[in-house]
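Peer 1: Heads up, the sequence shown is in the numbering used here, so the first residue is 41 and it goes up one at a time.
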Amino acid sequence: MDKDDYKDKFEEHRQTIDGEEEEVPQKMSRTERYRGDKNEKPEKKKRHLMEYLSITFILILISILIFVWLFYEPGQKVTEVKDGDEVEVVKDGEPASKDKDKDADKEDKKAKEEKAALAKKKAEEAKKAEEERQAKAQQEQDQHKAEEAKKAEEARQAEANRQAEAARQAEEARKAEAARQAEANRQAEAARQAEEAKKAQQQQQQQQQKPQQPQAGTHTVQAGETLYRIGVNYYGSGDEATLQKIRAANGLSSNNIVVGQQITLP
41 MDKDDYKDKF EEHRQTIDGE EEEVPQKMSR TERYRGDKNE KPEKKKRHLM EYLSITFILI
101 LISILIFVWL FYEPGQKVTE VKDGDEVEVV KDGEPASKDK DKDADKEDKK AKEEKAALAK
161 KKAEEAKKAE EERQAKAQQE QDQHKAEEAK KAEEARQAEA NRQAEAARQA EEARKAEAAR
221 QAEANRQAEA ARQAEEAKKA QQQQQQQQQK PQQPQAGTHT VQAGETLYRI GVNYYGSGDE
281 ATLQKIRAAN GLSSNNIVVG QQITLP
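Following this line, the structure appears as structure tokens:
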């Protein structure tokens, strides 16, 4: 049944209702003539009730027509069933209300699926963002650990270098001290040897300068010699005792002697 059939149907129902409305006043007129003026008010109430029912029926038909007009799809089998005062449009053997419910269910299902898909997408995005955040945090943590390990290694290497440098300087200081001590010992030994050599030389000089013990004999006076010089040369001293001994041995009364004179040495 197409839309024109629905219009024709609607016109038939409307004409039927109009005929009923025309009959109602006629019946009411005969009733009024029969009952008289006493029944005027009840008749008015009935008339109003019938008008109300007629308008309600018309509105129901209009609603059905609007529903069919909006929701009817060409190419589908549609039948109209009249059950008393109710009109129900069925589609493919099922009430239109069920199709509407199915469409609503489909829409709800679709909306739920879209909502679920959106929620799933948001959850996946949130999961991905969390994984990226954790990966970034782990990367930063690993980088921080690597930097800390690098700093610790550099500090350890610096400490090892410092200790090695300190050991090298200590070794050099020890060697320098050993060399200084060796030099001091060498110098001390050289000074000792020099002192001993000096003492030996002085002793030798003293031995050379010490007059030989005069042997019993004579001495020929040389030019420039005096009795005092002869005493020093032979006896190591020119004191009065030595001179007196020499004068006594030679019978001299004074210290005067002459060149070539033979002096007896006692």
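Yeah, the Cβ is synthetic: ideal placement off N, Cα and C, and Gly gets one too. Keep in mind it's a predicted model, so treat the numbers as computed, not measured.
Which residue comes first and which comes last in the beta strand (DSSP E) that contains Q302?
Peer 2: Unbroken beta strand (DSSP E) run through Q302: Q302 to L305.
Peer 1: Where do the N-terminal and C-terminal ends of the beta strand (DSSP E) with G264 fall, by residue?
Peer 2: Where G264 is concerned, there is no enclosing beta strand (DSSP E), given that its DSSP letter is neither H nor E.
Peer 1: For T282, count the other beta carbons within 10 Å of its own beta carbon; 16 or more makes it buried, fewer makes it exposed. Which is it?
Peer 2: The residue in question, T282, is buried, as its Cβ has 16 or more Cβ neighbours within 10 Å.
Peer 1: Please classify I286 as buried or exposed, where buried requires at least 16 neighbouring CB atoms within 10 angstroms.
Peer 2: buried
Peer 1: How is the alpha helix (DSSP H) around N290 delimited, first residue to last?
Peer 2: It spans E280 to N290 - the alpha helix (DSSP H) in which N290 sits, taken as one unbroken run.
Peer 1: Compare the beta carbon distance of V300 and V261 with 8 Å and say whether it is the shorter of the two.
Peer 2: Note on residue identity: the sequence assigns Gly, not Val, to residue 300. It is a contact, given that the beta carbons lie within the stated cut-off.
Peer 1: Determine the burial state of L267: buried for a count of at least 16 other Cβ atoms within 10 Å of its Cβ, exposed for fewer.
Peer 2: Around the beta carbon of L267, 16 or more other beta carbons sit within 10 angstroms, so the residue counts as buried.
Peer 1: How big is the Cα-Cα spacing for R232 and R214?
Peer 2: 26 Å
Peer 1: On the premise that G257 lies in contact with L305, defined as a C-beta separation below 8 Å, what is that separation, rounded to the nearest angstrom?
Peer 2: 6 Å
Peer 1: Which of the three DSSP states, helix, strand or coil, is assigned to G276?
Peer 2: coil
Peer 1: Taking all protein chains shown into account, decide if Y92 is buried (16 or more other Cβ within 10 angstroms of its Cβ) or exposed.
Peer 2: exposed
Peer 1: Is N296 near the ligand ATP, going by C-beta to nearest heavy atom under 7 Å?
Peer 2: By its list of ligands, the structure shown contains no ligand whatsoever, and the ligand ATP lies outside what it can speak to.
Peer 1: When you compare only the Cα positions, how much space is there between V129 and L110?
Peer 2: Residue placement at V129 cannot be trusted, given a pLDDT of 47 that sits under 50; the coordinates are not used to answer.
Peer 1: Tell me whether I270 is buried or exposed, calling it buried when 16 or more other Cβ atoms sit within 10 Å of its Cβ.
Peer 2: buried
Peer 1: Distance, Cα to Cα, S277 vs N295?
Peer 2: 15 Å
Peer 1: Comparing C-alpha positions only, which one of A289, H259, Y274 and N273 sits nearest to Q298?
Peer 2: In the sequence as displayed, the identity of residue 298 is Val instead of Gln. Among A289, H259, Y274 and N273, the Cα nearest to that of V298 belongs to H259.
Peer 1: Would you decide whether I104 is buried or exposed? Buried here means 16 or more other CB atoms lie within 10 Å of its CB.
Peer 2: Counting the other Cβ atoms within 10 Å of the Cβ of I104 gives 16 or more, which makes it buried.
Peer 1: Exposed or buried, I303, counting other C-beta atoms within 10 Å across all chains shown (16 or more means buried)?
Peer 2: buried
Peer 1: Residues bridged to G271 by DSSP?
Peer 2: Partner(s): none; G271 has no beta bridge.
Peer 1: Note down the Cα distance separating S293 from E235, rounded to an integer number of angstroms.
Peer 2: 49 Å
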